[in-house]
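Numbering (my numbering), first residue to last: 75 to 204.
Just so it is clear, CB atoms sit at the ideal spot from N, CA and C, and this is done for glycine as well.
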Amino acid sequence: RIIKVMSGNKKVIIIDDNEDIVAMLKTMLEMKGYHVYIKMNVTDLEDSISEILPDLIIMDMLLSSVDGRTVCKKLKSDQRFASIPVLMISAHPNAKEKCLDAGADLYLAKPFDMKDFFYTVEKSLHLSID
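Laid out in structure tokens, this is it:
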């Protein structure tokens, strides 16, 4: 059974240092009615998340200044953020297990089909309404 979540009031933070990927994901999510926030690095990330209170965090595994898995572990160990689903994305081979071990709720390998991306986004948002 699939439950449709209305995207109009859902907030998503994308944490990725690749401008092309960020622009594509932002455009696609906004076309579906999501409120999208961008972080190109992890500077003041906790403050941004506290301020925005996103329904979903989409994060690349390898950021230029830090390993996204380390960031994910830190977020998931913080009571304020532990319940926010984290969708990690990566082009790195065999990254799925490592991302899930770091606390990511879901994983998507790059390059991905937009249909798979939206399915995974909606699936992750269902995690947040249990």
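Original post:
To which residues does DSSP link Y193 through a beta bridge?
Top reply: Position 119 of the sequence shown, counting from 1, holds the residue named residue 193. Paired residues: none, contrary to the question.
**OP:** Measure the Cβ-Cβ separation of L180 and S164 and say whether it is below 8 angstroms.
**Re:** Locating residue 180 in the sequence shown gives position 106, where the first residue counts as 1. Locating residue 164 in the sequence shown gives position 90, where the first residue counts as 1. Result no, Cβ atoms of L180 and S164 do not sit closer than 8 angstroms.
Subject >> Cβ neighbour criterion (16 or more within 10 Å) applied to Y193 >> reply: For the purposes of this step, residue 193 is identified with residue 119 of the sequence shown, where counting begins at 1. In this structure Y193 is exposed. Its beta-carbon is surrounded by fewer than 16 other beta-carbon atoms within 10 angstroms.
**OP:** Name the two residues that bound the continuous alpha helix (DSSP H) containing I158.
**Re:** Here residue 158 is taken as the residue at index 84 of the sequence shown, counted from 1. Counting along the chain, I158 sits inside no alpha helix (DSSP H), nor does DSSP assign it H or E at all.
**OP:** With distances taken Cα to Cα, identify the nearest neighbour of S157 among H166, G142, I88 and L127.
**Re:** For this step, residue 157 is matched to residue 83 along the sequence shown. For S157, the nearest C-alpha among the options comes from L127.
Subject >> Residues of its chain near L185, where Cβ-Cβ distance is below 8 angstroms and the 5 sequence neighbours each way are ignored >> reply: Indexing the sequence shown from 1 puts residue 185 at position 111. As written in the sequence, residue 185 is Pro, which differs from the Leu given in the question. Once the five neighbours on either side are set aside, the close Cβ partners of P185 are A165.
**OP:** Would you check if the distance between the CB atom of V116 and the CB atom of K100 is smaller than 8 angstroms?
**Re:** If you number the sequence shown from 1, residue 116 lands on position 42. If you number the sequence shown from 1, residue 100 lands on position 26. It is not a contact, given that the beta carbons lie outside the stated cut-off.
Subject >> Separation of I123 from I88, as counted between CA atoms >> reply: Taking the sequence shown and counting its residues from 1, one reaches residue 88 at position 14. Taking the sequence shown and counting its residues from 1, one reaches residue 123 at position 49. Looking at the backbone, the Cα of I88 and that of I123 are separated by about 11 angstroms.
Original post:
If you run the structure through DSSP and keep just helix, strand and coil, what is M133?
Top reply: As a position in the sequence shown, residue 133 is number 59, starting the count at 1. Strand, per DSSP.
**OP:** Would you kindly work out how many angstroms separate the C-alpha atoms of G142 and P167, rounded to a whole number?
**Re:** Along the sequence shown, read from residue 1 onward, the residue named residue 142 stands at position 68. Along the sequence shown, read from residue 1 onward, the residue named residue 167 stands at position 93. Each residue's alpha carbon lies about 15 angstroms from the other.
**OP:** Just the C-alpha distance for D94 and F191, rounded to the nearest angstrom, thanks.
**Re:** Counting from one through the sequence shown, the residue named residue 94 turns up at place 20. Counting from one through the sequence shown, the residue named residue 191 turns up at place 117. Going from the Cα of D94 to the Cα of F191 covers about 16 angstroms.
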